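*Asks:* First the structure, then my questions, so here it is.
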Amino acid sequence: MTHDQLKYALALQTFKNFSRAAESCRISQPSLSVQIAKLEEELGVKLFDRAKSSVKVTVEGEDILKQIRVVIDETSRINDVASRVKGEVQGAFHLGIIPTLAPALLPLFLSSFRKQNPQVRLSVDEEPTESLIRRIGEGSLDAAVLSTPARCPESLVEKVLFYEPFVVFASTDHPMLSNKRVTPKQILADEILLLDDAHCFRDQVLQLCRAGHEKQGHPLRIKSGSLHTLIEIIRLEKNYTLLPLLSTSSLSKAEQKQNLRSFVQPGPTRKVSLVYHQSRLKQSIIDAIASSIVDSIPRQVFLTDDLVRVISPDSRHFVPASR
């Protein structure tokens, strides 16, 4: 068996489709099929059931593919360790990021990171939290920038980057703007405009509402992954929402002054972390990305948990910050 054959098997396990697996490995579909068939023949075990609609891992193949994953990860560590010994930051790196962070955070650090680390071939995917966590576990992502604590398996590591405050964004003449600062008890779930259920940001806002009120109605739900959509709707009608502070950079100077309200301290925040597998593959790149992000964020964003109340994206928990 060859190293490439093992990689092809893992790609097929991840994508469950020969065409997509072959594309990810940058080979033709027939070549991938032949190599996986040769691997199965050498092992004497059928790893995959090849149905017309999809590809499934066989019961016998589950344990073998787990061991293949260990072999590939440990082999990758050789290059990672060598790079660290030589003080190099280089290689391919696949980063994920949640939609409510991507538009504001990526422009802050990407340019400087690429200039400082020209040997890193960085690709970025924007997806919801659950998808990113699953892909880190599968190995198709090296790390992801998430709002944490999320429902991560124990095999994943959380590296805290910063604590981002929430602010209120309200339409002009909305009663919420009569306050110089607001409190969580003033945020009502049956009034606020939110994203749909797929976004952890929505869960965080609802958790903040529940912290101040036992019973509330249901918010208006917008089926969109974009905070920009919420902002545009609020500009047109009498309503309000909560925004992560970094996302307000897209507002005009007039809106930042007239239509935003901060919370009374300690204000609610979300904890933003870089999440990756505990095998710590490509650790030098992970450290470089984390450093670049922390160096790029504005001073209004907290680097420690002093004077903040962390709202967990897992809506079962309201997490007071430690001191």
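The letter at position 44 of the sequence shown is residue 84 when you use the working numbering, and the numbering goes up by one with no holes. All residues carry an ideal CB built from backbone N, CA and C; glycine is no exception. Keep in mind it's a predicted model, so treat the numbers as computed, not measured.
Pull the bridge partners of K96 from the DSSP assignment, please.
*Replies:* Working through the sequence shown from its first residue, we reach residue 96 at position 56. In the DSSP output, where bridge partners are listed per residue, K96 has D89.
*Asks:* Distance, Cα to Cα, F133 vs K96?
*Replies:* Translated into positions along the sequence shown, residue 133 becomes position 93. Translated into positions along the sequence shown, residue 96 becomes position 56. Answer to the nearest angstrom: the Cα atoms are 27 Å apart.
*Asks:* I'd like to confirm the pairing. Which residues does DSSP put opposite E198 in its beta bridges?
*Replies:* Along the sequence shown, read from residue 1 onward, the residue named residue 198 stands at position 158. Its beta-bridge partners are V315.
*Asks:* In angstroms, rounded to a whole number, what distance separates the CA positions of R301 and L291?
*Replies:* Along the sequence shown, read from residue 1 onward, the residue named residue 301 stands at position 261. Along the sequence shown, read from residue 1 onward, the residue named residue 291 stands at position 251. Roughly 13 Å between the two C-alpha positions.
*Asks:* Quick check for students: name the residue ranges of the alpha helix (DSSP H) that lie wholly in the region 49-76, counting only runs of 4 or more.
*Replies:* Entirely contained in the region 49-76, the alpha helix (DSSP H) runs reaching 4 residues are, in chain order, 58-65.
*Asks:* M41 by DSSP, collapsed to three states: which one?
*Replies:* On the sequence shown, residue 41 is found 1 positions in, with the first residue counted as 1. Coil, per DSSP.
*Asks:* If you draw a straight line from the alpha carbon of S205 to that of N157, how long is it in whole angstroms?
*Replies:* Residue 205 sits at position 165 when you count from the first residue of the sequence shown. Residue 157 sits at position 117 when you count from the first residue of the sequence shown. Note on residue identity: the sequence assigns Pro, not Ser, to residue 205. So the alpha carbons of these two residues sit roughly 30 Å apart.
*Asks:* Measure how close the beta-carbons of I137 and L50 come, nearest whole angstrom, since I'm counting them as under 8 Å.
*Replies:* For the purposes of this step, residue 137 is identified with residue 97 of the sequence shown, where counting begins at 1. For the purposes of this step, residue 50 is identified with residue 10 of the sequence shown, where counting begins at 1. Actually they are not in contact, since the Cβ atoms of I137 and L50 sit about 23 Å apart, beyond 8 Å.
*Asks:* Beta-carbon separation of I333 and D182 under 9 Å?
*Replies:* Start at 1 with the first residue of the sequence shown, and residue 333 comes out as number 293. Start at 1 with the first residue of the sequence shown, and residue 182 comes out as number 142. Taking 9 Å as the Cβ cut-off, I333 and D182 do not qualify as a contacting pair.
*Asks:* Smallest Cα separation from F202: which of Q340, P147, M41?
*Replies:* The residue given as residue 202 occupies position 162 in the sequence shown. Closest option to F202, Cα to Cα, is Q340.
*Asks:* If you reduce the DSSP assignment to three classes, tell me which class G127 lands in.
*Replies:* Mapped onto the sequence shown, residue 127 falls at position 87. Of the three classes helix, strand and coil, the one that applies to G127 here is coil, per DSSP.
*Asks:* Assign A190 to one of three DSSP states: helix, strand, or coil.
*Replies:* For this step, residue 190 is matched to residue 150 along the sequence shown. DSSP places A190 in coil when its eight states are reduced to three.
*Asks:* Secondary structure at I333, three-state DSSP: helix, strand or coil?
*Replies:* Start at 1 with the first residue of the sequence shown, and residue 333 comes out as number 293. I333: helix per DSSP, three-state reduction.
*Asks:* So S211 and Y316 are in contact, right, with Cβ under 8 Å, and what is the actual spacing, rounded?
*Replies:* Here residue 211 corresponds to residue number 171 of the sequence shown, with the count starting at 1. Here residue 316 corresponds to residue number 276 of the sequence shown, with the count starting at 1. Going by Cβ atoms, the distance from S211 to Y316 rounds to 40 Å, so no, they are not a contact pair.
*Asks:* Can you give the Cα-Cα distance for M41 and L282, rounded to whole angstroms?
*Replies:* Mapped onto the sequence shown, residue 41 falls at position 1. Mapped onto the sequence shown, residue 282 falls at position 242. Cα-Cα distance, rounded: 54 Å.
*Asks:* Taking all protein chains shown into account, decide if A91 is buried (16 or more other Cβ within 10 angstroms of its Cβ) or exposed.
*Replies:* Within the sequence shown, the letter at position 51 stands for residue 91. It counts as exposed.
*Asks:* Tell me which residue opens and which closes the alpha helix (DSSP H) that L364 is part of.
*Replies:* Since the displayed the chain opens at 41 and closes at 363, residue 364 lies outside it and no answer follows.
*Asks:* At the level of alpha carbons, what is the spacing between P284 and L87?
*Replies:* As a working note, residue 284 is residue 244 in the sequence shown. As a working note, residue 87 is residue 47 in the sequence shown. About 45 Å.
*Asks:* Under 9 Å between the Cβ atoms of K199 and S313?
*Replies:* Residue numbering aside, residue 199 sits at position 159 when the sequence shown is read from its first letter. Residue numbering aside, residue 313 sits at position 273 when the sequence shown is read from its first letter. Result yes, Cβ atoms of K199 and S313 sit closer than 9 Å.
*Asks:* Just to confirm my understanding: we take E100, look at its own chain, exclude 5 residues before and 5 after, and list those with CB closer than 8 Å. What are they?
*Replies:* To locate residue 100, count along the sequence shown from 1; it is residue 60. Only V85, K86, L87 meet the Cβ criterion.
*Asks:* How far does the alpha helix (DSSP H) with T140 in it extend, from its first residue to its last?
*Replies:* By one-based count along the sequence shown, residue 140 stands at place 100. From DSSP, T140 is part of no alpha helix (DSSP H); its letter is neither H nor E.
*Asks:* What number of angstroms, rounded off, separates the C-alpha of V164 from the C-alpha of L186?
*Replies:* Counting from one through the sequence shown, the residue named residue 164 turns up at place 124. Counting from one through the sequence shown, the residue named residue 186 turns up at place 146. If I take the Cα positions, the gap works out to 13 Å.
*Asks:* If I follow the unbroken beta strand (DSSP E) through R275, where does it start and stop?
*Replies:* Along the sequence shown, read from residue 1 onward, the residue named residue 275 stands at position 235. Here R275 belongs to no beta strand (DSSP E); instead the alpha helix (DSSP H) covers 267-276.
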